[in-house]
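Residue numbers (numbering that gives the first Met the number 0), protein chains in the order written: chain S, 0 to 194; chain B, 0 to 194.
2 protein chains.
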Amino acid sequence: MTKKGEQTRTKILDESARLFVRKGIGATTVNDILKATGTTKGNLYFHFTGKDEIGLEVLKREKQAFMNFLDTALGGETPGQGLNNFFKAAVEKHRRQDFVGGCLFGNTALEASDTSPDFATFVVSVFEDWITKITRKIDQTQQLGQMRRDIPARNLAEMVVATIEGGIMQARLLKSEQPLQHSIGTLQKVLELKA
Amino acid sequence: MTKKGEQTRTKILDESARLFVRKGIGATTVNDILKATGTTKGNLYFHFTGKDEIGLEVLKREKQAFMNFLDTALGGETPGQGLNNFFKAAVEKHRRQDFVGGCLFGNTALEASDTSPDFATFVVSVFEDWITKITRKIDQTQQLGQMRRDIPARNLAEMVVATIEGGIMQARLLKSEQPLQHSIGTLQKVLELKA
Chain S
0 MTKKGEQTRT
10 KILDESARLF
20 VRKGIGATTV
30 NDILKATGTT
40 KGNLYFHFTG
50 KDEIGLEVLK
60 REKQAFMNFL
70 DTALGGETPG
80 QGLNNFFKAA
90 VEKHRRQDFV
100 GGCLFGNTAL
110 EASDTSPDFA
120 TFVVSVFEDW
130 ITKITRKIDQ
140 TQQLGQMRRD
150 IPARNLAEMV
160 VATIEGGIMQ
170 ARLLKSEQPL
180 QHSIGTLQKV
190 LELKA
Chain B
0 MTKKGEQTRT
10 KILDESARLF
20 VRKGIGATTV
30 NDILKATGTT
40 KGNLYFHFTG
50 KDEIGLEVLK
60 REKQAFMNFL
70 DTALGGETPG
80 QGLNNFFKAA
90 VEKHRRQDFV
100 GGCLFGNTAL
110 EASDTSPDFA
120 TFVVSVFEDW
130 ITKITRKIDQ
140 TQQLGQMRRD
150 IPARNLAEMV
160 VATIEGGIMQ
170 ARLLKSEQPL
180 QHSIGTLQKV
190 LELKA
């Protein structure tokens, strides 16, 4: 692909990501994307077969970015500190976007679960990989005795992800970090994180 | 209104509710509603000014139904049993709908937070009233020593609602009760519910 072609492709994906996170993939039209990018219809269809392909490409790109975010956020001198750093980073991430848009994967989960199997299958993989990373960190933290050990790591990790998704939903609704902050604070207490 | 008019109005609200919970309010068109109800355009616009009015009416009706559900589900011989009954009823409610549709309020929260202030404001009131009811029950349970007392009732209630919303999201995505069941099971353990 030419350098100009590459730039157009990237611009379409960037602007589409912005639209999807605010409006949802379903409610975003190809015309919205054309308007946001200043691209012609011919140019867009030269790069993509349509909105569904753009949607999947955006999800793949955002998944990669999210996995990188998780790996960085979960870092710390000890596994317990890693978990605490992740909690802090999660609030910070949404504060930076002013609680607009929320979580693209959570939004797509609710939007696509019953109507777009391709998107749903992809989002399942995001949650699965997310839960796996948190499970591994919780497991290490438990082995070091830095948190409660009476509940399996995987179960705690599932609750952590559910609570964060629900907290983001409410923070976005109220345009305030308070619900997310509160839910995470309570999580930290009930996990008995000692780090 | 004539009896026939009343029936038409109810039918429009019933079918719209079904469409909204599956597709979201944003992606449902007036034409979808006409098709689902077999109503004429003239008839629909005789009863409603448009989709937004139908959306708000559906949300109001569903809120009333949800508050009735909560009051029934939270019943029990003791407050602690009430909480456990509510957890059971929450899984049962979504099992009955085969994990299709999920939670209309959660869906609308994600859909409307950034784009439809009227819907968003209404959904805030649903979550607020839900959290208030759970807070009251947790407070009673704490006072009777039937659960942990070291975290304020309101904070625990916020985490309960966030976890359930996140759990419904994942159950709906996987079309399996497991994520919701797991998250609720872990919640019950960390709340140290003794009832």
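Ideal Cβ placement from N, Cα and C applies to all residues, glycine included.
Legend entry - Cross-chain neighbours of Ser-182(S) in chain B, by beta carbon under 7 Å: Numbered from 1 along the first sequence, position 183 holds the residue referred to as residue 182(S). In chain order: Glu-157, Met-158, Ala-161.
Legend entry - Per-residue DSSP class, three states only, for Gly-100(S): Counted from its first residue, the first sequence places residue 100(S) at position 101. DSSP places Gly-100(S) outside both helix and strand once states are collapsed to three, so it counts as coil.
Inset, instruction - Could you run through the region 112 to 137 of chain S and flag, in chain order, every residue whose CB is less than 8 Å away from some CB of chain B? - result: Ser-112, Asp-113, Thr-114, Ala-119, Val-122, Val-123, Phe-126
Legend entry - Host alpha helix (DSSP H) of Glu-5(S) (start-end): Taking the first sequence and counting its residues from 1, one reaches residue 5(S) at position 6. The continuous alpha helix (DSSP H) containing Glu-5(S) extends over residues 2 to 22.
Inset, instruction - Below 7 Å CB to CB, which residues in the same chain sit around Thr-7(S) once its five sequence neighbours on both sides are set aside? - result: Locating residue 7(S) in the first sequence gives position 8, where the first residue counts as 1. Answer for Thr-7(S): Thr-38, Asn-42, His-46, listed in chain order.
Inset, instruction - Would you mind telling me which residues of chain S sit closer than 7 Å to Val-189(B), beta carbon to beta carbon, in chain order? - result: Here residue 189(B) corresponds to residue number 190 of the second sequence, with the count starting at 1. Residues of chain S passing the Cβ test: Val-189.
Legend entry - Three-pair Cβ contact test at 8 Å for the region 106 to 125 of chain S versus the region 165 to 183 of chain B: yes
Inset, instruction - Could you tell me whether the region 132 to 149 of chain S touches the region 133 to 150 of chain B, using the rule of 3 or more Cβ pairs below 8 Å? - result: Touching, no.
Inset, instruction - Give the DSSP-derived three-state secondary structure of Pro-151(B) in the structure shown. - result: Position 152 of the second sequence, counting from 1, holds the residue named residue 151(B). In this structure, Pro-151(B) counts as coil in the three-state DSSP scheme.
Inset, instruction - Pull up the CB-CB distance for Glu-52(S) and Ile-32(S), whole angstroms please, since I reckon it's below 8 Å. - result: Taking the first sequence and counting its residues from 1, the one referred to as residue 52(S) is at position 53. Taking the first sequence and counting its residues from 1, the one referred to as residue 32(S) is at position 33. Contact flag wrong, Cβ pair sits at about 12 Å.
Legend entry - C-alpha gap between Thr-48(S) and Asp-117(S), whole angstroms: If you number the first sequence from 1, residue 48(S) lands on position 49. If you number the first sequence from 1, residue 117(S) lands on position 118. Those two C-alpha atoms are separated by around 15 Å.
Legend entry - Exposure of Asn-106(S), with buried meaning 16 or more beta-carbon neighbours within 10 Å: Within the first sequence, the letter at position 107 stands for residue 106(S). Buried, since its Cβ has 16 or more Cβ neighbours within 10 Å.
Inset, instruction - Would you be able to state if there are at least three C-beta pairs under 8 Å between the region 147 to 161 of chain S and the region 140 to 152 of chain B? - result: no
Inset, instruction - Just the C-alpha distance for Ala-21(S) and Asp-97(S), rounded to the nearest angstrom, thanks. - result: Here residue 21(S) refers to the residue found at position 22 when the first sequence is read from its first residue. Here residue 97(S) refers to the residue found at position 98 when the first sequence is read from its first residue. The sequence as given places Arg at residue 21(S); Ala does not occur at that position. Spanning the two alpha carbons is a distance of roughly 12 Å.
Legend entry - Within 9 Å, strictly: CB atoms of Ala-161(S) and Glu-164(B): Within the first sequence, numbered from 1, the residue matching residue 161(S) stands at position 162. Within the second sequence, numbered from 1, the residue matching residue 164(B) stands at position 165. Yes, the Cβ-Cβ distance between Ala-161(S) and Glu-164(B) is below 9 Å.
Inset, instruction - List the endpoints of the continuous alpha helix (DSSP H) containing Leu-82(S). - result: Locating residue 82(S) in the first sequence gives position 83, counting from the first residue. For Leu-82(S), the enclosing alpha helix (DSSP H) covers residues 78 to 95.
Legend entry - Asp-113(B) - DSSP class collapsed to helix/strand/coil: Along the second sequence, read from residue 1 onward, the residue named residue 113(B) stands at position 114. Coil.
Inset, instruction - Say whether chain S places a C-beta atom closer than 9 Å to the C-beta of Lys-283(B). - result: Nothing about residue 283(B) can be read from this structure; chain B reaches only from 0 to 194.
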